[in-house]
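Structure first, commentary second.
In this note's numbering, the protein residues as written are 4 to 420.
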């Protein structure tokens, strides 16, 4: 796992590279992605196969020891493991961080902190910056923090089960409340074991995406980040509510899903408050109220932060001469892909810093020329050439043409002082 973490520890700095990789994949796999979108749309007709496959991706990334622990816990709750044998049987399990999970559940106001750079897991009494934080608590704390509608649902379902169980009707109110809290305790226990294994989960996902080139995670990434997939999923949930006979449990599930979709999309910057307001206006009253409440109670990030800079901000050296050369280059080389070669030349001649992101440069060129350029192809090509240290060593006709353009214009830009 730590080899994996070492490779992605600068993940935030490599966000643009990841986006380029996904865009390039989508350009080359349009049919695969179109089929994915078609299957997502088929969910409204009752075809849940794509949802099952996505769940399987997540399930297959869960570490084996966590799955074994959950199976054992299920056996305990179902009475397959005798109470006298629990201590002995748990010693045979290999669960990393189990003592920290126990500490979270025993002591009040505890947080599990996961360092995504090293995989370290620790327990703290307050939030720590730079860590993935998971709030825990004792069974009483967890129960008291729970929303009223969830508590009502747990009580109603538990009461229905106890009516059919011998002796349960004799339980006092205190004993019943202890049962309700025990249910929330086991739910939180399962959640914390998943949280503590986040590093291993991501390592397995990395292997699935990068090493085995599984198409489904690529489709999911593009759908969520570039294709407004989370608002589209909200529309599917709305259609589900309008077309099905929904019980209380299903309604709670839908509300939790909407909550996650809104919060995570705003946090990632893939959606804005305005886009969610527009989506909510197309939905029924239940989803509209849920979205409206969430938007009122939080600050949006106004979508992906675009670093808007002019070409003057980017150029190092004689700005007037460099801009004149840029305009001459664009008049001679009109294809969108040539923007990649232009940036390569500017970096090679040190007129633009190598740390400048492609899309920052792309937007600056559009602002300079007042013309729209396609970005998928040049962004992909620039990423490829950057990977080869800006050397066109490939023998294809396209790369020979690129080398010819780069060599010629490198001489021109070197003359700009």
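Ideal Cβ positions, reconstructed from N, Cα and C, are used throughout, including at glycine.
Work out the CA separation of residue j and residue i for me, nearest whole Å.
i, j, result
"residue 404", "residue 340", "11 Å"
"residue 63", "residue 39", "20 Å"
"residue 379", "residue 113", "46 Å"
"residue 2", "residue 284", "Limits of the chain in this structure are 4 at one end and 420 at the other, which puts residue 2 out of reach."
"residue 81", "residue 167", "16 Å"
"residue 254", "residue 124", "34 Å"
"residue 102", "residue 68", "15 Å"
"residue 34", "residue 218", "11 Å"
"residue 223", "residue 56", "11 Å"
"residue 232", "residue 178", "45 Å"
"residue 155", "residue 389", "57 Å"
"residue 313", "residue 326", "11 Å"
"residue 204", "residue 337", "45 Å"
"residue 148", "residue 126", "20 Å"
"residue 256", "residue 133", "30 Å"
"residue 211", "residue 150", "37 Å"
"residue 21", "residue 180", "49 Å"
"residue 324", "residue 121", "47 Å"
"residue 76", "residue 83", "10 Å"
"residue 402", "residue 119", "39 Å"
"residue 249", "residue 153", "16 Å"
"residue 71", "residue 176", "35 Å"
"residue 387", "residue 100", "41 Å"
"residue 258", "residue 299", "16 Å"
"residue 78", "residue 136", "30 Å"
"residue 243", "residue 85", "42 Å"
Hey, would you say residue i sits closer than 8 Å to residue j, going by beta carbons?
i, j, result
"residue 174", "residue 145", "no"
"residue 344", "residue 414", "no"
"residue 241", "residue 272", "no"
"residue 265", "residue 294", "yes"
"residue 109", "residue 161", "no"
"residue 239", "residue 60", "no"
"residue 225", "residue 29", "yes"
"residue 318", "residue 354", "yes"
"residue 128", "residue 107", "no"
Which one of the options has the shortest CA to CA distance from residue i?
i, options, result
"residue 157", "357, 137, 245, 186", "186"
"residue 183", "163, 202, 196, 197", "163"
"residue 130", "117, 49, 77", "117"
"residue 115", "31, 334, 197, 296", "197"
"residue 66", "201, 135, 262, 78", "201"
"residue 297", "317, 276, 338", "276"
"residue 370", "336, 329, 389", "329"
"residue 260", "290, 29, 312, 246", "290"
"residue 331", "411, 44, 54, 154", "411"
"residue 58", "220, 250, 248, 327", "220"
"residue 374", "135, 342, 177", "342"
"residue 37", "338, 244, 150, 230", "230"
"residue 26", "402, 377, 135", "377"
"residue 418", "401, 320, 337, 387", "320"
"residue 245", "400, 213, 48", "48"
"residue 24", "258, 216, 316", "216"
"residue 105", "159, 359, 199, 78", "199"
"residue 252", "171, 292, 159, 352", "159"
"residue 316", "387, 100, 366", "366"
Between residue i and the rest of its own chain, which residues show a CB-CB distance below 6 Å, the 5 nearest in sequence each way excluded?
i, result
"residue 282", "234, 237"
"residue 1", "Shown here, the chain extends from 4 to 420; a query on residue 1 therefore has no answer."
"residue 364", "346"
"residue 191", "145"
"residue 207", "64"
"residue 165", "171"
Tell me the DSSP bridge mates of residue i?
i, result
"residue 138", "114"
"residue 124", "117"
Who are the Cβ neighbours of residue i in its own chain at under 8 Å, not counting the five residues just before and after it?
i, result
"residue 50", "42"
"residue 73", "193, 196"
"residue 32", "218, 221"
"residue 111", "140, 141, 144"
"residue 53", "39, 42, 43, 45, 46"
"residue 400", "none"
"residue 368", "314, 329, 333, 342, 345, 376"
"residue 262", "293, 297"
Leaving out the 5 sequence neighbours to the left and right, which residues in its chain are closer than 7 Å to residue i when beta-carbon positions are compared?
i, result
"residue 357", "350"
"residue 333", "372"
"residue 348", "409, 412, 413, 416"
"residue 359", "317"
Taking CB distances under 8 Å as the criterion, tell me whether residue i reaches chain C.
i, result
"residue 186", "Protein chains in the displayed structure number just one, and chain C is not present."
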